[in-house]
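Structure first, then comments.
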Amino acid sequence: MSVGNSVPSVDARVKTTGEARYALDAAVPGMLFADIVRSTRAHATILDIDPSEALTTPGVSAVITAADLDGLFPRFGHIIADHPILAIDRVRYYGEPVALVLADNRYAAADAADLVRVRYADLPVVIEPEEALAAEAPLLHDEDYSLGDRSFSEAQSARPATNVAHEAMLQWGDVESALEGAHVVVETTTRYPMLYAYAMEPYNAIASYDEGELDVISTAQHPFQVREDLARIFSLPLNGVRVRSPLLGGGYGSKSYTKVEPLAAVGAWISGRPVKVALDVEGAIHTTRADSALIWVRSGFDDKGTIVAREFDITLNTGAYADNGTLVLTKCVHRCFGPYNIPNLRASGRAVYTNTVPSSSYRGFGAPQGNLAGEVNMDQAAERLGIDAAELRRRNLVGPGERHIPGKRAMDADLRADLEMVVKGLGWGGRPTANHGIGFGCSASDAGAFPVSTAQVRLFADGSALVLTGSTEMGQGSRTVLGQIAATELGISVDRIRVKQSDTSLTPYERTTGASRTTTLTGLAVQRACRDALAKLVEMGAEVLDRDVEEVKTAEGDVVAGPDSRASYEEVVQAWFGGRQGEVTGVGIVRRAGELAELPPFWEIGMVGVDVEVDPQTGVVTVHHLVTVGDVGYAINPAMVEGQDLGAATQGLGAALSEELIYDGPQLVNPNMVEYRVPRMGDMPARIDTFIAERGDGVGPFGAKGGGEGSLNPVGGAVASAIARATGRWPTRLPLNSSAVWELLNPPDEA
Amino acid sequence: MDFVVATDLEEALDALGRGALPLAGGTDLMVGVNAGQRPDNVVALRRVRELRQRNGQRIGAGVTWRVIEDEGPRALAQAARTVGSPQIRNAGTLGGNVGTASPAGDGLPFLAAVDAEIELTSREGVRTLRWDEFFTGVKETARRTDELITAVVLPAALPGRQEFAKIGVRNAMVIATVACVVTRADDGTTTVALGSVAPTPIRIPEAEELAKTLSDPGSAALDEFQHLVAAGVRPITDHRSTEEYRRHGAGVLARRLLTRCLREGAA
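Chains as they are written, first to last, in our numbering: chain A, 1 to 751; chain B, 1 to 267.
Shown next as structure tokens:
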């Protein structure tokens, strides 16, 4: 059995030696290099763009602006197509692409980009949602760009004549009366920082436009979604656009949907030559970030600590363009209140346009923001009620098979058992030590996205097999795991299988690589494709062995029809086609039907805890111990589950302790990796326990369900509560760096 | 753009005389270049052997952090270990740190604490300036553009006890929020120097005076010492931290380092 074992990543060797080919390594003969002229204003009307000096730079062949895109649909965006490829008459954030310079080499392009003269007339700027929602605020968008895709049905259109990009609301019961009758009502307000999902490979793309076909190699997590945007821009049929995603140097959601692909594509369309666009980290930060959030929550409890009602109000800073911010808000609304039995609920929110970098998906999107408010509120309630924080959760957690959101899938996890793993692992309930605090939290995300996946398995005449999928390998290990699933299903060794991914012209359709869906949904598609291939092989085997189909089955790489009638796969294929030739293709389809009719396809569980120490004099926080639980149903590759959980929790620790994009006036002051501080090895906890819970309760292959985001989601709240227990003061915002913790202990107004 | 790779001091000084910007490890200059600041005249110093030499208390300006972390005086070595990553430490030099004169320069509090001198060489000769004559403001120094920082000269006798510490937002590769060096000689002479809390590295004479009278690491007068340090710094509020936190952190760090020095002395 291949599944269930920590098969080493099939990419490990080439990545270690540097042989691995990323999008950035892609080159096409005759290609031009592009550089981007970015706005130096946060909000302004473009008066004119003068490329004349830039065009005199040796090697420069073109300077492209929005005016050159006549005949194209000039914007992109998968839910709200509000994002201009190049700014049209107006810029809405500092760093927005205004013009594209094409040159023979990237140095000439960069030099010439500095010489493009843009004249602006400034408009009033709004950076914070509070400013953008004010009555006198300038309106960032005045058109309705929504596309009306029903699979994004959560995303309603914008509220006209305001800067609200999207509103979302979830409610049941009667919150007001329940709160009136509550024994205790606890109110909490938290701020989650503006983040950048640092991936080592920044956004890049290379595009060619030949014979009416557009061919793009890029860092897209979701090549099929990018294909849609590109087809719309150029009025091409879907078969006229090819998007390929090779190995990605990290994604974490930040490479979801369309980013720099339209820039490369319009460059190729205009110049007639292949065009490469490759950003540096600063450019990447000026392309997409994650939403900051201001969240207010109040919860009512009876005297036993049972939740009677919860109410949330969420404001997200979604930036200048909607990108995936609409869905981030909807997810935040669904994920903020936690997997508890809540008889009365109202969770509502708004994603607000501001003159900042557009925000989009980042690992767990919506969940970390909402969970900080929801779980800190639970811990404060425990304190107020005089009930142990773990016990309060035990009393309220939804049980296996129960529904905590009406109309959604019943809980496919044993949350109380997961919680015990965390609190036991941390030694919760022991004697408190001065300046130490333990914090933990839980979350359940409606993960998996809309279930559409297809896969093909081609079994060749030599007995080797190829798995084809549109799911992208971005370091998470899907190439390995999908190979393990196919090996087990086909009954052959994993080294007889290769997995080819993410080429919209050659691999079958996959909606997205996100929402922790690959193992579950792509895995199911691969499993079904293998079974389809074997069913065909059985029919062929019956003919070859001259038996009835009912007598034939497959076992360990052979087609078997009784003790003395047996042929290997390759023998069957060769005999059926005649000679060393032919192949069998199996097709696997996953759609919203059968066991996947209910949404979400699975609940992604987050259950983590930390033990921290606070230096009361400096405010420096040391995380001594981190515990994660990967409740994945069945670990197809346990080492990869642990790796995902550790990576997710580490990103959570970054947000909790050190990461924040900071606007000082209209521009970011820290769009670089020195001043935007992701955790490094020296910041890791001394002790890390990554537990795996396997109860076979997932809808995916072998009882698996998704992981990889869950262990990020509750980290912020867990760290905040741990610091509260260490210091006696409740933090209300992240990151809790040394300055912030010291200020928490020494508030300015108490000085 | 003119770009000269100097192979000896003569070539370097010639280039400087023609207005070239000196490029040592490039860990500051190249950040500026990547941010669009394009100098039109640069002289690279990496191949100038004279700059990489160490001779008694004279440390060549081109000596890298990587060398200093193994071979430098205790507190300077401690500071070197907090500079960037190993790759950065293999490129970045002490002279570059001095020349850039960032308020957050990791090596500068030590130079202030031991009253180091900066050796400047030009076509007109060699002059040395004490650290407090050399550093004149935020990224401003008394170096003339035709002068090259050729060495940092430490006093012949260094204090027996020296401690460095900094506070940053994470544990490595971080720009200091507060950095501090405390030194103590056998006769009780104490120096307290700080970085990131004023336009230049700064000493706190009042605190040094008080410290001279202290010998007990548990002394109640340490409160007063901490207060004097906090009162003596001139920090600002920016995106990395606040004035209040830096002022407080300066006092806490100095006190901790002095306590370490006193404990060592007692042992």
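The beta-carbon is built from N, C-alpha and C at its ideal position, and this holds for glycine as well.
Every value quoted in this text rests on a predicted model; they were computed, and no experiment measured them.
Taken in chain order, the unbroken stretches of alpha helix (DSSP H) that lie wholly in the region 39-76 of chain A and span 4 residues or more are 52-55. Per DSSP, Ala268 (chain A) is one residue of the alpha helix (DSSP H) stretching across 261-271. Counting along the chain, the unbroken beta strand (DSSP E) around Ser443 (chain A) starts and ends at 436-447. Against chain B, the beta carbon of Gly319 (chain A) has no neighbour under 7 Å; the closest one sits roughly 19 Å away. Contacts with chain B (Cβ-Cβ distance below 7 Å) from the region 609-621 of chain A involve Gln617, Thr618, Val620, listed in chain order. Rounded to the nearest whole angstrom, the CA to CA distance from Val741 (chain A) to Phe234 (chain A) is 52 Å.
When CB distances to chain B are screened at a threshold of 7 Å, the residues of the region 729-741 of chain A falling below it are Asn737, Ser738, Ser739, in chain order. Counting C-beta atoms within 10 angstroms of its own C-beta, Pro237 (chain A) has fewer than 16 neighbours from the protein chains shown and is therefore classed as exposed. Membership of Phe110 (chain B) in the alpha helix (DSSP H) is indicated by the continuous run 108-113. Nearest in C-alpha terms to Thr188 (chain A), of all of A:Asn371, A:Ala417, A:Tyr120, is A:Asn371. When DSSP reads this structure, Ile605 (chain A) sits in a beta bridge with A:Ala444. In the three-state reduction of the DSSP assignment, Thr121 (chain B) falls in the strand class, which pools E and B. A:Thr45 is the residue among A:Val621, A:Trp172, A:Thr45 whose C-alpha sits nearest the C-alpha of Ala121 (chain A). For Ser711 (chain A) and Val629 (chain A), the gap between their C-alpha atoms comes out near 7 Å. Trp172 (chain A) counts as exposed, since fewer than 16 other C-beta atoms from the protein chains shown sit within 10 angstroms of its C-beta. Counting C-beta pairs closer than 8 Å gives fewer than three between the region 563-577 of chain A and the region 372-381 of chain A, which falls short of the contact rule. If you look at Ile285 (chain A), you'll find it isn't in any beta strand (DSSP E); it sits in the alpha helix (DSSP H) that goes 281-285. The C-beta of Ile662 (chain A) comes closer than 7 Å to at least one C-beta of chain B.
Ser9 (chain A) counts as buried, since at least 16 other C-beta atoms from the protein chains shown sit within 10 angstroms of its C-beta.
Between Asp683 (chain A) and chain B, the shortest Cβ-Cβ separation is below 7 Å. Within 10 angstroms of the beta-carbon of Met31 (chain A) lie 16 or more other beta-carbons, which makes it buried.
Contact check for Val118 (chain A) against Ile49 (chain A) passes: the beta carbons are separated by less than 7 Å. In the displayed model, Met673 (chain A) falls within coil according to three-state DSSP, outside both helix and strand.
Judged by their CB atoms, Val612 (chain A) and Ala656 (chain A) are not nearer to each other than the 7 Å cut-off. Taking a C-beta distance under 7 Å as the contact criterion, Val457 (chain A) and Ala529 (chain A) qualify as a contact pair. For Ala99 (chain A), DSSP records a beta bridge to A:Val37. Among the residues of chain B, none has a CB under 7 Å from the CB of Glu583 (chain A); the nearest is roughly 49 Å distant. When the alpha-carbon of Thr190 (chain B) is set against those of B:Ala198, B:Glu206, B:Val197, B:Pro199, the nearest one is in B:Glu206. Distances from the CA of Ala726 (chain A) to each of A:Ile636, A:Leu653, A:Gln617 were compared; the closest alpha carbon is that of A:Gln617. Counting C-beta pairs closer than 8 Å gives three or more between the region 65-85 of chain B and the region 104-119 of chain B, which meets the contact rule. Residues of the region 227-246 of chain B that bring their beta carbon within less than 9 Å of a beta carbon in chain A comprise Asp238, His239, Arg240, Ser241, Thr242, Glu244, Tyr245, Arg246, in sequence order.
When C-beta atoms of the region 141-153 of chain B are compared with those of the region 52-64 of chain B, three or more pairs fall below 8 Å, so the two segments count as touching.
Spatial neighbours of Glu143 (chain A) in its own chain (CB-CB distance under 8 Å, excluding positions within 5 residues in sequence) are listed in chain order as Asp82. Scanning chain B for C-beta atoms nearer than 9 Å to the C-beta of Glu743 (chain A) yields Thr242, Glu244, Tyr245, reported in chain order. Ala533 (chain A) sits in a helix when the DSSP states are folded into three classes.
Here the C-alpha atom of Ala555 (chain A) lies approximately 39 Å from the C-alpha atom of Gln225 (chain A).
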